Structure formats: C-alpha cells, structure tokens
Amino acid sequence: MSVSMFLLLAVIGMSFDLGRVYIARNEAQIFADAASMAAAKQLDGTAAGVDRARAAVTALPDRWNLGTEDFKGVVVEFSADGKQWEMQPKNLAALHYARVTAPDNQVEIMFLRAVGGPQSFTVPARAVASTNPVRLTE
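The structure is reproduced here in structure tokens:
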C-alpha cells in the first residue's frame, strides 16, 4: 500500500513538473515568435530600422513562468540570406530576416528533484521572421 502511494505521488509530481516545463516552453516560443515578427516589421534597410527592430523586441510586454518573470538574455540578430546572422549587421539595405533567441529560461523543478531529478530545466526558444510580407520562417 505504501509503495503504491509513493508511486502515485511520484507520477503526480512528474505530471506537475512536466506540465510547468511545457507551459514555460510555450510561453517562450510565443515570445520569440512575436518578437521576431515585430523586429522584421521594422527593417527598412536603414540603421534607424535596425534600432527600431531592437526597440520593438524590448517593448514587448511578454513574461514567462506563468507571468512571473521577464525574459533575460534575449538575442536579436539580422540576416540578408537567413544563413549568416549578425548582431551588428553591416549591409543594412540587404537585411530581410530577424532572429530572436530567448536562451536563458530556467524552470525550477519542484517534485522530480525529490526522487533524484534535475534542479531545473532550460526551455530556450528561437524564431525567425522575414520581411515583405512579415511572416515566420523558422
């Protein structure tokens, strides 16, 4: 009986923790998608357009971990061909893609670590959007 109760609690704890990881992953991907599209929309072949693209990403109100934390370490990169990415692009007129990566999203694990699981999971997200028309490409 006690073994059954322990197994039942372990399965409930695993479901809770994995559910939180799934929700955090979804929140991070929604942010990356919205941020890359907001950045791509601002690209117009000028340095001011690149600055507006970075500002658009910063201005997004999205939070993660059930709305309790801001995204940290967000990386915004630009590309002309979708293959070579630069944070400080040189050929501004050729830019057609914006990539946003939210790499540092640590979800604390509550129940699984009691039975030897990890302390936390990292749930990174990345999205690429193109210009004219603005759409997600990756």
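So in our numbering, spot 116 of the sequence shown is number 301, and the numbers just go up one at a time.
Cβ coordinates follow ideal geometry from the N, Cα and C atoms, glycine included.
Source: prediction; values computed, not measured.
**Message:** Per the DSSP calculation, THR307 is bridged to which residue(s)?
**Reply:** Residue mapping note: residue 307 aligns to position 122 of the sequence shown, counting from 1. In the DSSP output, where bridge partners are listed per residue, THR307 has GLN291.
Requested in this report: Note down, one range per segment and in chain order, each beta strand (DSSP E) of at least 3 residues found wholly within the segment 210 to 289.
Outcome: For the segment 210 to 289, whole beta strand (DSSP E) runs of length 3 or above, ordered along the chain, are 260 to 264, 282 to 287.
Looking only at DSSP bridge pairs, what is SER187 linked to? Your numbering for residue 187 matches position 2 in the sequence shown. Per the DSSP secondary-structure output, SER187 pairs with nothing in a beta bridge.
| message | Considering Cα atoms alone, identify which of MET222, LEU203, ASP202, PHE256 is closest to PRO309. | response | Working through the sequence shown from its first residue, we reach residue 309 at position 124. Ranked by how close their Cα comes to the Cα of PRO309, the residues MET222, LEU203, ASP202, PHE256 have PHE256 in first place.
According to DSSP, is VAL300 helix, strand or coil?
Locating residue 300 in the sequence shown gives position 115, counting from the first residue. Helix at VAL300.
Around the Cβ of PHE216, are there at least 16 other Cβ atoms within 10 angstroms (buried) or fewer (exposed)? Here residue 216 refers to the residue found at position 31 when the sequence shown is read from its first residue. Counting every other CB atom within 10 Å of its CB across the protein chains shown gives PHE216 a total of 16 or more, marking it as buried.
Q.
Going by the DSSP bridge assignment, what does VAL313 pair with across the sheet?
A. Position 128 of the sequence shown, counted from the first residue, corresponds to residue 313. Per DSSP, ARG284.
Same chain only: Cβ atoms within 6 Å of VAL260, ignoring 5 sequence neighbours per side = As a first step, residue 260 must be located in the sequence shown, where it is residue number 75. Only THR286 meet the Cβ criterion.
* **Sequence-distant residues of its chain with Cβ nearer than 6 Å to ALA241 (five each side left out)** => Residue mapping note: residue 241 aligns to position 56 of the sequence shown, counting from 1. For ALA241, where only same-chain residues beyond five positions count, the Cβ hits under 6 Å are ALA223, ALA224, GLN227.
Thinking just about the alpha-carbon of each residue, which of ASN276, ALA265, SER221, GLU293 is nearest to the one in TYR207?
Residue numbering aside, residue 207 sits at position 22 when the sequence shown is read from its first letter. The shortest Cα separation from TYR207 among ASN276, ALA265, SER221, GLU293 belongs to GLU293.
Worksheet item: Are the CB atoms of THR316 and LEU277 nearer to each other than 8 Å?
Response: Counting from one through the sequence shown, the residue named residue 316 turns up at place 131. Counting from one through the sequence shown, the residue named residue 277 turns up at place 92. Cβ atoms of THR316 and LEU277: not closer than 8 Å.
**Asked** So SER264 packs on ARG284, CB below 8 Å; how close in whole Å?
**Response** The sequence position of residue 264 within the sequence shown is 79, counting from 1. The sequence position of residue 284 within the sequence shown is 99, counting from 1. Confirmed, Cβ separation roughly 7 Å.
(Q) I'd like the list of long-range same chain contacts for ARG298, defined as Cβ closer than 7 Å, with 5 residues on each side in sequence excluded. (A) Looking up residue 298 in the sequence shown gives position 113. Cβ within range, chain order: GLN304.
Does the Cβ-Cβ distance between ALA312 and SER221 come in under 8 Å?
Here residue 312 is taken as the residue at index 127 of the sequence shown, counted from 1. Here residue 221 is taken as the residue at index 36 of the sequence shown, counted from 1. At a Cβ-Cβ threshold of 8 Å, ALA312 and SER221 count as neighbours.
My guess is that ALA209 and ASN250 are in contact by the Cβ rule of under 8 Å, so how many angstroms apart are they, rounded?
For the purposes of this step, residue 209 is taken as residue 24 along the sequence shown, with counting starting at 1. For the purposes of this step, residue 250 is taken as residue 65 along the sequence shown, with counting starting at 1. About 6 Å separates the two Cβ atoms, so the contact holds.
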